[in-house]
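According to this note's numbering, the sequence shown is numbered sequentially starting from 3. Glycine included, C-beta positions come from ideal geometry on N, C-alpha and C.
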Amino acid sequence: MFAATCLLALSTLLAPAASYSSTKSPSRNAVLLSDVHTLTFHANRKTSHRRVSAIPQLKCVGPSKEVCSLYQPDIIRCTNEGYDYDENDVQWTCTAQLPPEFKLGGTDVICEGYRSSEDPWILKGSCGVEYRLLLTRMGEKRYGHIPHDRGNDESIWSTLTRMAMFFGLFMVIVKLLQYCTGIQSQRWGRNGGGGGGGGWWPPGPPPPYDSPQSRFAKDDQSWRPGFWTGALGGTAAGYVMGRGARRGNSSFMSGGNNATAGPSYSASTRESTGFGGTRRR
């Protein structure tokens, strides 16, 4: 009985996928991707959509967000290069006009399956391309070496938070050391200095006496939070400004002119090519 129930459940799940035929179109707005020869994608435009949300026609996916922010191509054109084993898994060659500082890496064409992500029929106009933008040698000379993003890259604010936590722990340790040092000094002064006999001279005024509380307050004045807060803020500001100035400094060292407004890349362009496959959403 249990086996029969499992088979029924599996057949129910597999029935929609098995019922998708590649010979009969479910709609005039559906097309087989294997029948599409070329696709042209434009910057700042969205795809059409039916089951899921629209996506940008052009999307840079790395390997560095900083490189992606430097340049975006206006148009990427992808050509159908056939398939390996599955006719619905089309391979693409994509080209774009890029400044000599950049080149295309891998490219993936992403389309919306008409009835599901497993449907061989896709919605017309629903395709976009995800591309990787890389620096050439000329680009590395102009912008310097820009590391690739890590999977769990930490933000500046998380780094500053860790710095603040370290600063707080440091201050607690300092206060404890001050407090313990003050108690030991007080005990030493109370137990030491004995042995002097009383003479016939009248006693003079007692030496100035500081209570532990007042001594602690005086010691505390040398550790005013303004100094350390300012030091921490200065360190954080220097860290942020250093990151922002890295690209500008590398451009200056490579001969780039930062004094004039304008693009930080060459005006001329050349064709760059990337390769990739197909994904459905």
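Quiz item: Given a threshold of 16 other Cβ atoms within 10 Å of its Cβ, counted over all protein chains shown, does residue 288 qualify as buried or as exposed?
Solution: Since the first residue of the chain shown is 3 and the last is 283, residue 288 is not available in this structure.
Quiz item: Should residue 272 and residue 119 be called a contact, given that it needs their Cβ atoms to be closer than 8 Å?
Solution: No, the pair does not count as a contact, with Cβ atoms beyond the cut-off.
Quiz item: What residue from 142, 116, 266 has the CA that sits closest to residue 28's CA?
Solution: Residue 116 is the option with its Cα nearest to residue 28.
Self-check item: Inter-residue Cα distance where the pair is residue 100 and residue 136
Solution: Straight-line Cα distance between these residues: approximately 11 Å.
Quiz item: Would DSSP call residue 119 helix, strand or coil?
Solution: Three-state result, residue 119: coil.
Self-check item: beta strand (DSSP E) segment containing residue 96, residue limits
Solution: Start and end: 92-100.
Quiz item: To the nearest whole angstrom, what separates the beta carbons of residue 60 and residue 129, a pair I think is in contact under 8 Å?
Solution: The pair is not a contact, with the Cβ atoms about 11 Å apart (cut-off 8 Å).
Quiz item: Going by the CB atoms, is the gap between residue 24 and residue 92 shorter than 8 Å?
Solution: No, these two residues do not count as a Cβ contact at 8 Å.
Quiz item: Is DSSP giving residue 282 helix, strand or coil here?
Solution: For residue 282, the secondary structure class from DSSP, reduced to helix, strand or coil, is strand.
Quiz item: When you compare only the Cα positions, how much space is there between residue 263 and residue 170?
Solution: In this prediction, residue 263 has a pLDDT of 43, which is less than 50 and means its spatial position is unreliable; what the coordinates show is noted afterwards. Residue 170 has its alpha-carbon roughly 43 Å from the corresponding atom of residue 263.
Quiz item: Under 8 Å, do residue 62 and residue 111 count as touching if we go by C-beta distance?
Solution: Between residue 62 and residue 111, the CB-CB gap reaches or exceeds 8 Å.
Practice problem: Would you kindly check if the distance between the Cβ of residue 66 and the Cβ of residue 147 is under 8 Å? | Solution: Cβ distance not < 8 Å, so residue 147 and residue 66 don't count as in contact.
Self-check item: Buried or exposed by the 16-neighbour rule on C-beta atoms within 10 Å, applied to residue 103
Solution: With at least 16 other beta carbons inside 10 angstroms of its own, residue 103 counts as buried.
Quiz item: Nearest-angstrom Cα distance between residue 270 and residue 31?
Solution: Those two C-alpha atoms are separated by around 39 Å.
Quiz item: Considering only C-alpha positions, which residue in the set 58, 121, 74 is nearest to residue 88?
Solution: The residue with the shortest Cα to Cα distance from residue 88 is 121.
Quiz prompt | residue 75 versus residue 177: straight-line alpha-carbon distance, rounded | solution = Distance between the alpha carbons of residue 75 and residue 177: 57 Å.
Quiz item: Alpha carbon to alpha carbon, what distance is there between residue 266 and residue 68?
Solution: Distance between the alpha carbons of residue 68 and residue 266: 13 Å.
Quiz item: What first and last residue would you give for the alpha helix (DSSP H) that runs through residue 126?
Solution: Here residue 126 belongs to no alpha helix (DSSP H), and DSSP marks it neither H nor E.
Practice problem: Go to residue 141, then tell me how far its alpha helix (DSSP H) extends in each direction, as first and last residue. | Solution: Residue 141 -> alpha helix (DSSP H) spans 139-145.
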